[in-house]
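Some notes on the structure that comes next.
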Amino acid sequence: MLGSVTVNGNNSTQSVEYRSSGVLFRVKPSIKINAIDLNIQQQLSNFVATDTGVNNSPTLLKRDVTTDVVMNDGDIILIGGLAEQKDSKSSSGWSIFGSRSTENSKTDIVVMLQVRKVPR
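Residues 924 to 1043, numbered by my numbering, are exactly what the sequence shown covers, in order.
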């Protein structure tokens, strides 16, 4: 992603900020005597082309889900909620002899997580 622009006289410099994208997971466990507390963060993100950004820079679209759960040793949890639907149309060739296509896709991400206490 493009960052800030610094102007010094007639020269301008633009910084670039790198960001992770895709499916990102972060799990922070907290071990208690009889339970395991989990803070689970999920992110689904991707870059899309825009003509409103600076120098046609891409825009980061992201969806986040954060879950706090208390589990016992051996418990299993299913976490969902990150879904993405893409609709795209394309055409090629001339208007009479060309072809058009439409593509629709839907992605659902479901995570199954089992916790285990590991003896020291």
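Using N, Cα and C, we set each Cβ at its ideal position, and we do this for glycine too.
Positions of the beta strand (DSSP E) runs, each at least 3 residues long and wholly inside the stretch 942-1009, are given as 945-954, 959-971 and 982-994 in order along the chain. Under DSSP, the beta-bridge partners assigned to Asn934 are Asn931. Under the DSSP assignment, Lys1029 falls in the beta strand (DSSP E) whose first and last residues are Ser1022 to Gln1037.
When Ser1028, Ser953, Phe1020 and Arg1043 are compared, the shortest CA-CA separation from Val992 is found for Ser953.
Beta-bridge pairing by DSSP links Lys1012 to Thr1025. Closest in alpha carbon position to Gln1037, among Thr936, Val950, Leu983 and Thr989, is Val950.
Straight across, the Cα-Cα distance linking Ser943 with Leu1005 is about 17 Å.
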